[in-house]
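Undergrad: Sharing a structure, written as structure tokens. Questions coming.
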Amino acid sequence: MSAAQYKALEKLPLVLVADNVRSMHNIGSLFRTSDAFRVEEFLLCGISGCPPHPEISKTALGAEDTVAWRHISDALPALLDMKRKGWKICVLEQAHGSIPLANFNPMKNSKEKEQLRLVLVVGNEVKGVDQSIVDIADFILEIPQEGTKHSLNVAASGAIALFHLYGLLKKIYS
């Protein structure tokens, strides 16, 4: 499929937000994953790098040209605005009260299913998602882990979470 054909496809009501992701390779990988799962928009916030950049291009493999994106200096006001418009804010973070990703199903009734729009926020490789964003989240999602490390790379965890959310939304909107 060409970039023009991809851009013309209807996207899922799913937005990815990178909150201060410092690695250009991680940003590129998240672009590529966003392309794979028909993400509506990718918001690059704070210090997150933006195309054009050779390190982003190296891992994005052209997805930076197919995925709609924009840079925002501060994610919080944009997320609050989206929340006011009915988007559900999902933060991928290890926190008290988090929901294991495999157990996440935000739909309580059929009316909610018809209006479900999700935002997935992933955070800085060291500090995670800013606490002010965690505080406004509708859902805090966590990928359970059993190894010696306590976290996955942001691009890997973002890909896992996007795949899960893609599956939920695909069932509703297909």
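Here the sequence shown stands for residues 37 to 210, where the numbers follow the numbering used here.
Glycine is no exception: its CB is placed at the ideal position from the N, C-alpha and C atoms.
(1) Starting from Glu106, follow its DSSP beta bridges and name the residues at the other end.
(2) Quick check on Gly98: buried or exposed, where buried means 16 or more other Cβ atoms within 10 Å of its Cβ?
(3) Near His61, which residues of its chain fall below 6 angstroms by C-beta distance, leaving aside the five closest residues on each side in sequence?
(4) With a cut-off of 8 angstroms on the beta carbons, I'd call Leu52 and Ser70 a contact; round off their distance for me.
(5) Quick test of your reading: Leu154 and Leu205, contact by CB under 8 angstroms. State the CB separation rounded to the nearest angstrom.
(6) Out of Lys207, Tyr209, Ala195, Ser59, state which residue places its alpha-carbon closest to the alpha-carbon of Ala72.
(7) What is the DSSP secondary structure of Gly64, counted as helix, strand or coil?
(8) Comparing C-alpha positions only, which one of Gln41, Ile169, Ile108 sits nearest to Ile83?
(9) Quick one: what does DSSP say Gly133 is sitting in, helix, strand or coil?
(10) Starting from Ile176, follow the beta strand (DSSP E) in both directions and report where the run begins and ends.
(11) For Cys81, count the other beta carbons within 10 Å of its own beta carbon; 16 or more makes it buried, fewer makes it exposed. Which is it?
(12) Strictly by DSSP, which residues pair up with Val157?
(13) Closest to Leu137 by C-alpha separation, out of Cys86, Phe175, Ser210, would be which residue?
(14) Any beta carbon of chain B sitting closer than 8 angstroms to that of Ala191?
TA: The short version:
(1) For the purposes of this step, residue 106 is identified with residue 70 of the sequence shown, where counting begins at 1. According to the sequence provided, residue 106 is Arg. The question's Glu does not apply to it. Answer is Leu79, bridged to Arg106.
(2) Within the sequence shown, numbered from 1, the residue matching residue 98 stands at position 62. Exposed.
(3) Along the sequence shown, one-based indexing puts residue 61 at 25. Around His61: Glu91, Thr95.
(4) To locate residue 52, count along the sequence shown from 1; it is residue 16. To locate residue 70, count along the sequence shown from 1; it is residue 34. Indeed they touch by this definition, with Cβ atoms about 5 angstroms apart.
(5) As a position in the sequence shown, residue 154 is number 118, starting the count at 1. As a position in the sequence shown, residue 205 is number 169, starting the count at 1. With a Cβ gap of about 7 angstroms, Leu154 and Leu205 count as contacting.
(6) To locate residue 72, count along the sequence shown from 1; it is residue 36. The alpha carbon of Ala72 has as its nearest neighbour, out of Lys207, Tyr209, Ala195, Ser59, the alpha carbon of Ala195.
(7) Taking the sequence shown and counting its residues from 1, one reaches residue 64 at position 28. Gly64 sits in a helix when the DSSP states are folded into three classes.
(8) The residue labelled residue 83 in the question sits at position 47 within the sequence shown. Ranking Gln41, Ile169, Ile108 by Cα distance to Ile83 puts Ile108 first.
(9) Along the sequence shown, read from residue 1 onward, the residue named residue 133 stands at position 97. Correct three-state label for Gly133: coil.
(10) Here the question's residue 176 lines up with position 140 in the sequence shown. It spans 175 to 178 - the beta strand (DSSP E) in which Ile176 sits, taken as one unbroken run.
(11) Residue 81 sits at position 45 when you count from the first residue of the sequence shown. That one is buried.
(12) Walking along the sequence shown from the start, residue 157 turns up at place 121. Partner(s): Val53, Val127.
(13) By 1-based counting over the sequence shown, the position of residue 137 is 101. Closest by C-alpha distance to Leu137, out of Cys86, Phe175, Ser210, is Phe175.
(14) As a matter of chain content, chain B is missing from the structure shown, which is built from one protein chain.
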